[in-house]
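Since the structure comes first, as structure tokens, the remarks are kept for the end.
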Amino acid sequence: LGAATLPKATAAQQPGEWLVAPSLWASDVGRDIAARGDGSGAFSDLVDKIDGAGLIRIEYTRNKIGFTFDYVGMSLSDNQRLPTPGPLPVDISVRADVDLTVFETGVFYRPSATDNGIDIIGGIRYTNTDSSLIVKPGNTQPQRFDTGDSFTDIYVGARYLHRLTESWDFSIRGDYGFGGSDGALNFLVGVGWRSRGPFGMSLVYRHLAFEFDERVDGEPATSEFDFTGPALGFLFRF
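Under this note's numbering, think of the first position of the sequence shown as -5, with each following residue one higher.
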């Protein structure tokens, strides 16, 4: 009996592993906004530029269960000149300032009990956006519109990691959020390298897009954000 139960006891006593992964995301940021109702107000490519975002991911895994926490922070501004159609076109100068914060916490199930395989993941994602629009049609006085909203989504998805060699691996993740937003898609694919010690690095290509309803100058509107670009991360396992 003792020999039969020894492997189970040993597995139950396996220590957990922490992962801390700060990253820098060189993201191409796009934002569109459209008034709801008569549909007369719409700005496409209101923000369209490459900017940097700070990310950090913290995970704890033991056997087949793990917990994860992610943070994304970004602050940027952009200027656009948007011509209006008609016989007497007028250029509209638009300046947009955007602050974005994303907190994500979740749990994952790892059938293989190792980091080589698939994880089923789900959790809660909180997103906060604060932005200001300064609109100046032609030579008229500029008008300022302050907007901002926050929402909480439930997300579900999966990720897969394949160990190519002892040092190199390939990973892919996809999940979809719903609830507070009108839909949020998160997708990434990349490669990782790990040393024989606790240090490693990763290079991933990430795409995050979401759409939500907000109010601009008291009027209902729909905003779309998309963030796409490579991210370089540093991995610390202990």
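In this text, a Cβ means the ideal position worked out from N, Cα and C, and glycines have one as well.
Residue 183 and residue 100 have their alpha carbons spaced roughly 19 Å apart. Contact between residue 177 and residue 205 holds, with the beta-carbon distance rounding to 6 Å and staying under 8 Å. By the C-beta density criterion, residue 59 is exposed, having fewer than 16 other C-beta atoms within 10 angstroms. Less than 9 Å divides the Cβ of residue 53 from the Cβ of residue 15. By the 16-neighbour rule on beta-carbons within 10 angstroms, residue 123 is buried.
Note on residue 98: 16 or more other CB atoms within 10 angstroms of its CB, so buried under the neighbour-count rule. In the same chain as residue 67, and ignoring 5 residues on each side of it, the C-beta atoms closer than 7 Å to its own belong to 47, 48, 95, in chain order.
The residue from 141, 61, 143, 70 with its alpha-carbon nearest to that of residue 103 is 61.
Rounded to the nearest whole angstrom, the CA to CA distance from residue 128 to residue 93 is 15 Å.
Minimum Cα-Cα distance from residue 213 among the listed residues 75, 155, 28 corresponds to 28. Burial check for residue 25: the Cβ neighbour count within 10 Å reaches 16 or more, so the residue is buried. Burial is judged here by how many other beta carbons sit within 10 angstroms of a residue's own beta carbon; residue 225 has at least 16 and is buried. In the structure shown, residue 151 adopts extended strand secondary structure according to DSSP, grouped into three states. By the neighbour-count definition (other C-beta atoms within 10 Å, threshold 16), residue 209 is an exposed residue.
The three-state secondary structure of residue 92, taken from DSSP, is strand. Judged by DSSP in its simplified three-state form, residue 232 adopts coil rather than helix or strand. In the DSSP assignment, residue 185 falls within the unbroken beta strand (DSSP E) covering 178 to 188.
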